[in-house]
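Engineer: For the sequence shown, the working numbering assigns the number 2 to the initial residue and increments by one for each residue that follows.
Think of the CB as a built atom: it goes at the ideal place given N, C-alpha and C, for glycine as much as any other residue.
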Amino acid sequence: MPIDYVHITTPPVHAHINYLHVPDIGGPLSDDRYKITILISKHDTECIKEINNACERAANREWSGDGTKDVQMPLTDGETQKSIRPELANYHLCTFKSFHAPILQMPDGTVMPRSVEIKVGDPVRVFGAMGGMIEDQRKVVVCYLSGVQLLNEPPDSKNNSSVIERLHQRLADFLPWN
Numbered sequence: 002m003p004i005d006y007v008h009i010t011t012p013p014v015h016a017h018i019n020y021l022h023v024p025d026i027g028g029p030l031s032d033d034r035y036k037i038t039i040l041i042s043k044h045d046t047e048c049i050k051e052i053n054n055a056c057e058r059a060a061n062r063e064w065s066g067d068g069t070k071d072v073q074m075p076l077t078d079g080e081t082q083k084s085i086r087p088e089l090a091n092y093h094l095c096t097f098k099s100f101h102a103p104i105l106q107m108p109d110g111t112v113m114p115r116s117v118e119i120k121v122g123d124p125v126r127v128f129g130a131m132g133g134m135i136e137d138q139r140k141v142v143v144c145y146l147s148g149v150q151l152l153n154e155p156p157d158s159k160n161n162s163s164v165i166e167r168l169h170q171r172l173a174d175f176l177p178w179n
């Protein structure tokens with residue numbers, strides 16, 4: 002039976018770990034997927050509510066009789082990562098994944114050049130879907146990645162049509178005679 006997806010566009014959130022231009026491959030915990038983990042402030046109740054509602058709708062569509070009972074949701078508390086990264090304690094984390102390259106957009110909606118990277122902390126909007134599935138005999142709501150839009154211009158993106166131009170721009174910023 003196919004998964005009945007719930008489509009979602011997140012409100013503005015912050016990027017955390019991401020593999021958007023190339024999939025996460027070769028590492029001990031790699032899963033060969035494109036992915037982005039987003040940070041949602043615990044004070045952003047509207048965003049948390051929107052993601053939780055989408056998760057519940059996905060669970061209810063997949064398991065209409067049981068609903069969200071015994072379902073593992075994708076939104077995790079940053080407190081669980083506190084021992085590794087204390088700054089995550091004030092956030093919820095949610096990871097969107099895909100086997101296919103996502104659509105990457107600049108703030109104006111144009112295609113993001115490969116020379117532009119989304120860095121940790123950059124404000125983004127994620128386009129995706131949520132669906133229920135059975136994973137290791139557990140009910141899980143999974144977040145699927147379709148696209149990511151960067152919401153602010155990177156400081157060096159004005160003249161970044163190539164890596165060389167970006168390098169020249171950075172050098173010009175640090176040269177004392179400019």
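Return the chain-ordered list of same chain residues with a C-beta closer than 6 angstroms to the C-beta of Ala60, the five sequence neighbours on each side being excluded.
Structural biologist: If we look at Ala60 and ignore the five residues flanking it on each side, its Cβ neighbours are Thr69, Val72, Gly133 and Val142.
Engineer: Where DSSP assigns a beta bridge to Gln73, which residues make up the other side?
Structural biologist: Answer is Val141, bridged to Gln73.
Engineer: Whole angstroms is fine: what's the gap from Ser42's alpha carbon to Phe128's?
Structural biologist: One C-alpha to the other measures close to 19 angstroms.
Engineer: Quick one: grab the DSSP three-state call for Ala173.
Structural biologist: Note: Ala173 maps to helix in three-state DSSP.
Engineer: Based on DSSP bridge pairs, tell me the residues matched to Ile41.
Structural biologist: Bridge partners of Ile41: His93.
Engineer: Looking at the secondary structure, which residues open and close the alpha helix (DSSP H) in which Arg62 lies?
Structural biologist: Start and end: Thr46 to Glu63.
Engineer: DSSP on Pro13, reduced to helix/strand/coil?
Structural biologist: Reduced to three states, the DSSP call for Pro13 is coil.
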